[in-house]
Each structure stands twice: as C-alpha cells, then as structure tokens.
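Under my numbering, think of the first position of the sequence shown as 2, with each following residue one higher. Where is the CB? At the ideal position from N, CA and C, for every residue including glycine. Bear in mind the structure is a predicted one, so any value in this text is a computation, not a measurement. Have a look at the structure below, then the notes.
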Amino acid sequence: IIDTAEAEIVELIFRLYLNGKSVIGIVDELERRQVKSPSGKDKWCKKTIDNMLSNEKYAGDVILLKNSNSEFNYLAKENHTAIIPKETFKAVELEKSHRSNIVEGENGLKRREKKYSSKKKTQNSLIKIRI
2 IIDTAEAEIV ELIFRLYLNG KSVIGIVDEL ERRQVKSPSG KDKWCKKTID NMLSNEKYAG
62 DVILLKNSNS EFNYLAKENH TAIIPKETFK AVELEKSHRS NIVEGENGLK RREKKYSSKK
122 KTQNSLIKIR I
C-alpha cells in the first residue's frame with residue numbers, strides 16, 4: 002500500500018534530480034521545505050537520497066537475492082504498484098551515469114576529473130519536469 006504523502010516526497014526527489022539538483026541540493030531543498038527524513042529527523046542524509054534515486058522498487062520492480070554473497074540475482078518486473086514511472090527511473094539512472102566522476106578505462110575504473118560540477122550537462126542528460 003502506497004502512503005501518498007511519502008510518495009509525493011519520492012516523486013519530488015526524482016523531479017529535483019532530473020531538474021539539475023545535486024544530491025546535496027536535494028537535501029538542502031527538503032530541509033528548506035521542512036520535509037522530515039524517513040526516520041523522522043529534520044536532517045536528511047546524502048546517502049539516503051542517493052539510495053532512493055537508485056532503488057528500483059520505486060519503479061515497481063524488485064531485485065531478489067540482491068547482496069554481495071549471492072552469485073545470482075533476479076529482477077521481478079512490475080512486482081508492485083510503482084510510484085515513479087519506469088521512464089523517470091531510467092532517466093535518473095542515465096543522468097547519474099552522466100554526472101558520475103568514475104569512468105571505466107583500459108586499466109579498470111578511474112576518476113574522470115577531480116571535481117564534479119552540476120553545471121556541466123550533456124545534450125541528453127536532463128529532462129525538465131515541473132516541480
């Protein structure tokens with residue numbers, strides 16, 4: 002069962018991210034709006050926002066056996082009612098990869114630059130969604 006008040010916060014977080022806000026910018030915006038964290042605190046943790054933006058459950062899917070000990074995992078699509086459309090979730094995944102400072106090179110993973118700037122945008126990176 003979806004809690005509509007909590008679903009509105011999840012939708013807001015995804016919209017803010019796609020409209021160019023960084024994770025820290027989203028934390029600041031939620032605190033400015035006096036939105037309580039999932040644990041009921043006034044302060045939001047960056048990790049909480051980052052985990053929410055990567056959580057397939059908001060799009061109605063669930064990954065089973067999702068841990069480091071399991072050799073396999075399974076994706077159960079449309080397992081439950083989605084809060085976020087799949088297109089929005091995929092757009093956030095794409096935007097996260099564009100904003101990522103880590104790239105795969107010949108010798109494995111490496112940093113692209115010393116700092117990430119949210120002002121750098123690729124052509125297809127942002128989808129404007131009304132807040």
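To the nearest angstrom, report how far apart residue i and residue j are at their CA atoms.
i: GLU9; j: SER101; result: 26 Å
i: LEU17; j: ILE27; result: 7 Å
i: GLN124; j: HIS99; result: Model confidence at GLN124 stands at a pLDDT of 44, short of 50, so the residue's coordinates are unreliable and nothing is read from them.
i: ASP43; j: GLY21; result: 23 Å
i: GLU57; j: VAL63; result: 6 Å
i: THR5; j: MET53; result: 16 Å
Excluding the 5 residues flanking residue i on each side, which residues of the same chain have their C-beta closer than 7 Å to its C-beta?
i: LYS122; result: In this prediction, LYS122 scores a pLDDT of 49, lower than 50, which makes its location untrustworthy; the coordinate-derived value is nonetheless stated afterwards. For LYS122, where only same-chain residues beyond five positions count, there are no Cβ hits under 7 Å.
i: TRP45; result: VAL28, LEU31, GLU32, SER38
By the three-class DSSP mapping on this structure, what secondary structure does residue i have?
i: GLU12; result: helix
i: ALA77; result: strand
Leaving aside the five residues before and after residue i along the sequence, list all residues of the same chain whose C-beta is less than 6 Å from its C-beta, in chain order.
i: ALA60; result: ALA83, ILE85, LYS87, PHE90
Starting from residue i, trace the beta strand (DSSP E) both ways and give me its first and last residue.
i: ILE64; result: 63–65
What is the residue span of the alpha helix (DSSP H) that residue i lies within?
i: SER101; result: Counting along the chain, SER101 falls outside any alpha helix (DSSP H), and DSSP gives it neither H nor E.
Contact defined as beta carbons within less than 8 Å: I believe residue i pairs with residue j. What is the distance between those atoms, to the nearest angstrom?
i: CYS19; j: GLU107; result: Note on identity: in this sequence residue 19 is Leu, with Cys being the wrong assignment. Going by Cβ atoms, the distance from LEU19 to GLU107 rounds to 32 Å, so no, they are not a contact pair.
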